[in-house]
Amino acid sequence: MSEAIDATPGTAQRGTGDDRDVSGAASPVNALLHLDDVRKSYGMREALCGVSLAVQSGEFVALLGPNGAGKSTLFQLLTGLFNADTGRIRVCGHDIRRDPARALAGIGVVFQQTTVDLDLSVFTNLGFHARLHGIGGRRARERIDENLRRVGLADRAKDPVRALSGGNRRKVELARALVHEPAVLLMDEATVGLDPASRRQLLDEVLALRDRGVAVLWATHLVDEAEAADRVIVLHHGRILAEGHPDALVRSTGAPTLAEAFLKLTGGSQG
Amino acid sequence: MRLPHAWLALQAITGREVVKFVRQGGRFASALVRPLLWLVVFAAGFQNVFGVSIIPPYESYIPYQEYIVPGLLGMVLLFNGMQSSLAMVYDREMGMMRLLLTAPLPRAYLLFAKLLAGTLLSVLQTYVFLVVAVLFGVAVPWSGWLYALPVIVLAGMMLGALGLLLSVQVRQLENFAGTMNFVIFPMFFISPALYPLWKLEESGATIVFQIARWNPFTHAVEAIRFALYGQFAAASTGIVVVSLIAFFMVAVHGYDPQRGMLKRTGPVA
Numbered sequence: 001m002s003e004a005i006d007a008t009p010g011t012a013q014r015g016t017g018d019d020r021d022v023s024g025a026a027s028p029v030n031a032l033l034h035l036d037d038v039r040k041s042y043g044m045r046e047a048l049c050g051v052s053l054a055v056q057s058g059e060f061v062a063l064l065g066p067n068g069a070g071k072s073t074l075f076q077l078l079t080g081l082f083n084a085d086t087g088r089i090r091v092c093g094h095d096i097r098r099d100p101a102r103a104l105a106g107i108g109v110v111f112q113q114t115t116v117d118l119d120l121s122v123f124t125n126l127g128f129h130a131r132l133h134g135i136g137g138r139r140a141r142e143r144i145d146e147n148l149r150r151v152g153l154a155d156r157a158k159d160p161v162r163a164l165s166g167g168n169r170r171k172v173e174l175a176r177a178l179v180h181e182p183a184v185l186l187m188d189e190a191t192v193g194l195d196p197a198s199r200r201q202l203l204d205e206v207l208a209l210r211d212r213g214v215a216v217l218w219a220t221h222l223v224d225e226a227e228a229a230d231r232v233i234v235l236h237h238g239r240i241l242a243e244g245h246p247d248a249l250v251r252s253t254g255a256p257t258l259a260e261a262f263l264k265l266t267g268g269s270q271g
Numbered sequence: 272m273r274l275p276h277a278w279l280a281l282q283a284i285t286g287r288e289v290v291k292f293v294r295q296g297g298r299f300a301s302a303l304v305r306p307l308l309w310l311v312v313f314a315a316g317f318q319n320v321f322g323v324s325i326i327p328p329y330e331s332y333i334p335y336q337e338y339i340v341p342g343l344l345g346m347v348l349l350f351n352g353m354q355s356s357l358a359m360v361y362d363r364e365m366g367m368m369r370l371l372l373t374a375p376l377p378r379a380y381l382l383f384a385k386l387l388a389g390t391l392l393s394v395l396q397t398y399v400f401l402v403v404a405v406l407f408g409v410a411v412p413w414s415g416w417l418y419a420l421p422v423i424v425l426a427g428m429m430l431g432a433l434g435l436l437l438s439v440q441v442r443q444l445e446n447f448a449g450t451m452n453f454v455i456f457p458m459f460f461i462s463p464a465l466y467p468l469w470k471l472e473e474s475g476a477t478i479v480f481q482i483a484r485w486n487p488f489t490h491a492v493e494a495i496r497f498a499l500y501g502q503f504a505a506a507s508t509g510i511v512v513v514s515l516i517a518f519f520m521v522a523v524h525g526y527d528p529q530r531g532m533l534k535r536t537g538p539v540a
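In the order they appear, the protein sequences are chains S and V. Counting with the working numbering, you get residues 1 to 271 for the letters of the first sequence. Counting with the working numbering, you get residues 272 to 540 for the letters of the second sequence.
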């Protein structure tokens, strides 16, 4: 069953010291996702100016930043769609540049833009993804069932995605991102366009993944979503301005709430 | 890359293309109607205008309809190749491309799987068109159906790779119609699809004749024409293969995150 382990780096490494992650001195021992001084420019414009961060197993980290802070660029680098100009990105110890296939195998993503085929059934959409990740047959069916149950959509498996509400479509994408049991889950402003109840539900589903040891990086520009995080990283103009537990951020800025602290840090340029 | 994984991914990508194709009934209909119009209407009207002398691979005088069948098979491949790349541009705008490109497989393989999937659809359509052509009374030797298969597959892949290459260059769907006009029509008309190239030479259109000689589509059509009559056009087939490799390599380069399209398009992709 070495293949099964290979395809599920999350299960294989979760919660243990990653023995492949030995080279980065700045790297916390358990970091499943690790960025070291990542820079990216588009022409003259610097989108990311030296971002370093680490997300541990079972940790929910909110990447909080106003629009244009560099969150999207960061996610594009994390998913291998672009390469960073300098710096390193490692997922489960695999450098995304040198070993993109292994690194990507450890990542589950929910993109900001919906990427489901609306005319196909929920199950078919997830099956497509499973096979792209090398999971087929009975194993795929089991994983799909399990993850649809997790998000409460087991009874909608045969429905075309088009028939689902916006909130449920996002849940389908969450279930899909989990089918290959990734060690790292990336949520790129996944709640955009959802009503408050759906937003809360999705956030709760993802928060619950901490118990399974999944490392979550949740990008948002909405402060209330960051309040539940284990750690908040404030990104602004491509730089990390502050980092810490939400309470610690509030204390350090002397602001009454996290929202105020965020506005204070980013100079009130939210939105 | 493990083989079972690669195979599953190929199944997934091909399956998706087939499902999409079946869903768009109009696409299949237009893929057939287009060459059929040429075969039935154009060829009937020009039957006596274009006297086709005996040129290889033909051993006797042939009706004009029979002459244009390989060109029309090429037309089916050409349109489908472009259609696949249109789908790539659409997928990119809709974000589906990201899903594909974040699969844990080498990017070149994912693009190759896309190419194979599109080619499968191309080949199926050419054979359906062959059946229809026979029903309309065009004689194509039965052995040719078999001999032509590998050549049709190669030509389909070559034109699909060209489409892939164009999908790198075309950023938005709106720009696509123009590209089609600048690629499909010149490629089709400046080729032996509708008339033997010696006619161009004889009429003094030397430049057009020279362009046609360098047109990869010319060689796709000729390779298919010879194969249909059980002959192997080595030079044309070779040019098709070389073009296929070249187009595909440039397309892969274009989809490379370091260079090409993704670098230029910036953070909106």
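Every residue, glycine too, gets a C-beta built ideally from N, C-alpha and C. Bear in mind the structure is a predicted one, so any value in this text is a computation, not a measurement.
>> Is there a C-beta anywhere in chain S that falls below 8 Å from the one on His524/V?
In response: no
> chain V beta carbons: is any one of them nearer than 8 Å to that of Asp119/S?
Replying inline: yes
> Which parts of the segment 88-120 of chain S are runs of the beta strand (DSSP E), unbroken and 3 residues or longer, counting only runs that do not cross its ends?
Replying inline: 107-110
>> I'd like to know if Leu391/V contacts chain S, where contact means its C-beta is closer than 8 Å to some C-beta of that chain.
In response: no
>> Between which two residues does the alpha helix (DSSP H) holding Leu310/V run?
In response: Element bounds for Leu310/V: n/a, residue is neither H nor E.
> By DSSP, does Gln56/S sit in helix, in strand, or in coil?
Replying inline: strand
> If we call anything under 8 Å between Cβ atoms a contact, is Phe111/S one with Lys158/S?
Replying inline: no
> Can you list the residues of chain S that Val285/V reaches, using a CB-CB cut of under 9 Å?
Replying inline: Val is not the amino acid found at residue 285/V; the sequence shown has Thr there. Near Thr285/V there are no residues of chain S at all, since even the closest Cβ is about 10 Å away, more than 9 Å.
> Under 8 Å between the Cβ atoms of Trp309/V and Leu348/V?
Replying inline: no
>> Against chain V, with Cβ distances strictly below 8 Å, would Gly80/S count as a contact?
In response: yes
>> Applying the 10 Å Cβ sphere with the 16-neighbour rule, what's the burial state of Glu330/V?
In response: exposed
> Which of helix, strand or coil does DSSP assign to Val411/V?
Replying inline: coil
> So which residues on chain S does Gln396/V lean against when the C-beta distance must stay under 8 Å?
Replying inline: Result: empty, since nearest Cβ-Cβ is about 22 Å, beyond 8 Å.
> What residue ranges within the segment 414-445 of chain V form continuous beta strand (DSSP E) runs of no fewer than 3 residues, ordered along the chain?
Replying inline: none
> For the 8 Å Cβ check, are there 3 or more pairs between the segment 291-305 of chain V and the segment 350-359 of chain V?
Replying inline: yes
> Taking C-alpha atoms, which residue in Leu32/S, Glu227/S, Asp117/S and Leu202/S lies nearest to Ala103/S?
Replying inline: Leu32/S
> According to DSSP, which residues form a beta bridge with His236/S?
Replying inline: Arg239/S
>> Against chain V, with Cβ distances strictly below 8 Å, would Phe111/S count as a contact?
In response: yes
> What span of residues does the beta strand (DSSP E) with Leu499/V cover, start to end?
Replying inline: Taken as a continuous stretch (DSSP letters only), Leu499/V belongs to no beta strand (DSSP E), being part of the alpha helix (DSSP H) at Pro487 to Leu499.
>> Just to confirm my understanding: we take Ser356/V, look at its own chain, exclude 5 residues before and 5 after, and list those with CB closer than 7 Å. What are they?
In response: Gly434, Leu435, Leu437 and Ser438
>> Less than 8 Å between CB atoms is the rule here; does Ala255/S satisfy it with respect to chain V?
In response: no
> DSSP on Glu330/V, reduced to helix/strand/coil?
Replying inline: coil
> In terms of DSSP beta bridges, what is Thr86/S paired with?
Replying inline: Arg39/S
> From Arg39/S, Glu225/S, Thr79/S and Ala175/S, pick the residue whose C-alpha is nearest to that of Leu194/S; which is it?
Replying inline: Glu225/S
>> Pull the bridge partners of Gly244/S from the DSSP assignment, please.
In response: Val232/S
>> In whole angstroms, give me the CA-to-CA distance for Gly43/S and Asp85/S.
In response: 11 Å
> Expressed to the nearest angstrom, what Euclidean distance is found between the alpha-carbon atoms of Gly238/S and Ala69/S?
Replying inline: 6 Å
> Does DSSP put Val151/S in a helix, a strand or coil?
Replying inline: coil
> With distances taken from CA atoms, which of Ala315/V, Ala498/V, Ser507/V and Phe497/V is nearest Thr489/V?
Replying inline: Ser507/V
> Per DSSP, His276/V forms a beta bridge with which residues?
Replying inline: None, per the DSSP bridge assignment.
> So the beta strand (DSSP E) Val216/S belongs to, where does it begin and stop?
Replying inline: Ala215 to Thr220
>> For the pair the segment 494-505 of chain V and the segment 421-431 of chain V, tell me if three or more CB-CB distances fall below 8 Å.
In response: yes
>> Let's see if you can read the secondary structure: which residues bound the beta strand (DSSP E) around Leu387/V?
In response: Element bounds for Leu387/V: not the beta strand (DSSP E) but the alpha helix (DSSP H), Arg378 to Leu406.
> Can Ile233/S and Leu35/S be called in contact, C-beta distance under 8 Å?
Replying inline: no
> Which value, in whole angstroms, describes the spacing of the CA atoms of Ser414/V and Val405/V?
Replying inline: 14 Å
>> For Val290/V and Leu387/V, what's the separation of their Cα atoms in angstroms?
In response: 15 Å
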